[in-house]
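Throughout the sequence shown, residue numbering follows my numbering, covering 35 to 319 in sequence.
Just so you know, even glycine gets a beta-carbon here, dropped at the ideal spot from N, CA and C.
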Amino acid sequence: MSIWNELIGVDYRHTYVETGGFKTRALQAGPEDGEHVVFLHGTTGHLEAFVKNIPAHAEHYRCHAIDMLGHGYTGKPDRPGEIPAYVEHLMSYLDAVGARRAHVVGESLGGWVGSWAASEYPDRIASLQLLCMGGTKVNPKVMERLKTSTRAAVLEGDIAFTRERLRLLWADWDEDLGEELTQVRYGIYHHPDFRRNLHHLLALQELDARERNLLRPDRMARIKAPTLVVWGNKNPLGDVPEAEAIAAAIPGARLEVFTECGHWPQHEKADLYNPLSLAFLAEAR
């Protein structure tokens, strides 16, 4: 079964959008006059992270899952990937598709980018969903684990390293979907442009850059957008107290913790996440 079978019955486009001098790979679906929802993946991820979520959301919203700057098959600037650059890219994408405002669903790095954007451009971000978001603390052990596992997956030819990199995100490995995502990610990771750009994508796993880009409490306190924090109780990259601190730092934020769930709640618990997300979006409209 193809992951794209998830989109059967959905009128969607797989396209490239010119954004600030770079082509951005995007999956677009849903009514063109609907409110915009942008889905942002995690570090060294890609838009397929949301194939289980687009169909439900596209019934009511104009959905955009994108490969972020330097990621997937989007253009790759020759500079370190830091949060202001990702935010600039997001704003360029919104401008390019005519979205004055958008709801942002961000997983891991994507939530970090969405939160920063909401603090800088409050009129552009209608709401935030932060799925196992990173960026609020420095954890050298986690940072080293991400660097080591990602470098092995990209630089070694054995697909087993890519599989192990993905397994890091799941509490309960989905054999069928996980294997197909492994194939997709292996193709991305072993593209020459991706390999050349890898050190830039891992910049935020270095101490100095991470300190420079941290989401500190004063910045999170500036977020005005309605915010939903979603976490997995078996998230290997951050425990539940980290999620509680994030929700406490953002005014009015709501926290939902999924049991038996790792770093990808939108995948592992799509049956719980999709109705929760849609109810939240309806409230935030």
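G68 versus L238: straight-line alpha-carbon distance, rounded: As a working note, residue 68 is residue 34 in the sequence shown. As a working note, residue 238 is residue 204 in the sequence shown. Computed Cα separation, rounded: 34 Å.
For A187, the three-state DSSP class (helix, strand or coil): Translated into the one-based positions of the sequence shown, residue 187 becomes position 153. Secondary structure of A187 (DSSP, three-state): helix.
F314, DSSP secondary structure in three states: Your numbering for residue 314 matches position 280 in the sequence shown. Note: F314 maps to helix in three-state DSSP.
Simplified DSSP assignment, three categories, for M35: To locate residue 35, count along the sequence shown from 1; it is residue 1. Bear in mind that the predicted position of M35 carries a pLDDT of just 46, short of 50, making it too unreliable to give a figure here.
The stretch 134-141 touching the stretch 55-68, judged by at least three CB pairs closer than 8 Å: Taking 8 Å as the limit for Cβ pairs, the verdict is that the stretch 55-68 does not touch the stretch 134-141.
C-beta contact flag for A282 and A255 at 8 Å: Walking along the sequence shown from the start, residue 282 turns up at place 248. Walking along the sequence shown from the start, residue 255 turns up at place 221. No; because the gap between Cβ atoms is not below 8 Å, this pair is not in contact.
Reduced DSSP secondary structure (H/G/I, E/B, other) of T77: Taking the sequence shown and counting its residues from 1, one reaches residue 77 at position 43. In the structure shown, T77 sits in coil (DSSP, three-state: anything other than H, G, I, E or B).
Length of the line joining the Cα atoms of E190 and R219: Against the sequence shown, residue 190 aligns to sequence position 156. Against the sequence shown, residue 219 aligns to sequence position 185. One Cα belongs to E190, the other to R219, and the distance between them is close to 13 Å.
A152, enclosing alpha helix (DSSP H) - first and last residue: Within the sequence shown, the letter at position 118 stands for residue 152. According to the DSSP assignment, A152 belongs to the alpha helix (DSSP H) that extends over L143 to E154.
Per-residue burial, V172 [other beta carbons within 10 Å of its own, 16 or more giving buried]: For the purposes of this step, residue 172 is identified with residue 138 of the sequence shown, where counting begins at 1. Looking at its Cβ environment, which holds fewer than 16 other Cβ atoms inside 10 Å, V172 is exposed.
Residue from E198, T184 and L74 with nearest C-alpha to G145: Locating residue 145 in the sequence shown gives position 111, where the first residue counts as 1. For G145, the closest of E198, T184 and L74 by C-alpha to C-alpha distance is L74.
Rounded separation between T216 and R197 - CA only: Within the sequence shown, residue 216 is the residue found at index 182, counting from 1. Within the sequence shown, residue 197 is the residue found at index 163, counting from 1. Looking at the backbone, the Cα of T216 and that of R197 are separated by about 5 Å.
Buried or exposed (CB count within 10 angstroms, at least 16 for buried), L194: In the sequence shown, counting from the first residue as 1, residue 194 sits at position 160. This sequence places Ala at residue 194; Leu is not what is there. Residue environment analysis places A194 among the exposed positions, since fewer than 16 neighbouring C-beta atoms fall within 10 angstroms of its C-beta.
Entirely enclosed alpha helix (DSSP H) segments - the stretch 42-95, minimum 4 residues: For the stretch 42-95, the full-length alpha helix (DSSP H) segments reaching 4 residues or more read 88-92 along the chain.
Own chain residues within Cβ distance below 6 Å of R158, not counting five before or after: Along the sequence shown, one-based indexing puts residue 158 at 124. Cβ neighbours of R158 beyond the five flanking positions: R135.
For I222, the residue or residues it bridges with in DSSP: Locating residue 222 in the sequence shown gives position 188, where the first residue counts as 1. DSSP lists no bridge partner for I222.
Other residues of its chain near L306: CB distance less than 7 Å, five sequence neighbours each side excluded: Numbered from its first residue, the sequence shown carries residue 306 at position 272. Excluding residues within five positions, the ones whose Cβ falls inside 7 Å are F292.
Spatial neighbours of L202 in its chain, beta-carbon cut-off 7 Å, leaving aside the 5 residues before and after: On the sequence shown, residue 202 is found 168 positions in, with the first residue counted as 1. Result list for L202: S183 and P270, in chain order.
Limits of the unbroken alpha helix (DSSP H) element including T196: Locating residue 196 in the sequence shown gives position 162, counting from the first residue. Looking at the DSSP string, the run of the alpha helix (DSSP H) that includes T196 is I193 to R201.
For I117, the first and last residue of its enclosing beta strand (DSSP E): Counting from one through the sequence shown, the residue named residue 117 turns up at place 83. No beta strand (DSSP E) holds I117; the alpha helix (DSSP H) holding it covers I117 to A130.
DSSP beta-bridge partners of I159: Translated into positions along the sequence shown, residue 159 becomes position 125. As computed with DSSP, I159 is found in a beta bridge with A136.
Proximity below 8 Å, CB of A287 to CB of V263: Here residue 287 is taken as the residue at index 253 of the sequence shown, counted from 1. Here residue 263 is taken as the residue at index 229 of the sequence shown, counted from 1. Taking 8 Å as the Cβ cut-off, A287 and V263 qualify as a contacting pair.
Close Cβ partners of E66 (< 7 Å) along its chain, the five nearest in sequence each way excluded: Stepping through the sequence shown from its first residue, residue 66 is reached at position 32. So the list reads R96, once near-sequence residues are dropped.
Euclidean distance between Cα positions of M35 and Y155: As a first step, residue 35 is located in the sequence shown; it is residue number 1 there, counting from the start. As a first step, residue 155 is located in the sequence shown; it is residue number 121 there, counting from the start. Here the model assigns M35 a pLDDT of 46, short of 50, so the residue's position is not dependable and the matter cannot be decided.
Three-way DSSP call (helix, strand, coil) for E245 in this model: Position 211 of the sequence shown, counting from 1, holds the residue named residue 245. In the structure shown, E245 sits in a helix (DSSP, three-state: H, G or I).
Boundaries of the alpha helix (DSSP H) in which V274 is found, first to last residue: Taking the first residue of the sequence shown as position 1, residue 274 is located at position 240. It spans V274 to A283 - the alpha helix (DSSP H) in which V274 sits, taken as one unbroken run.
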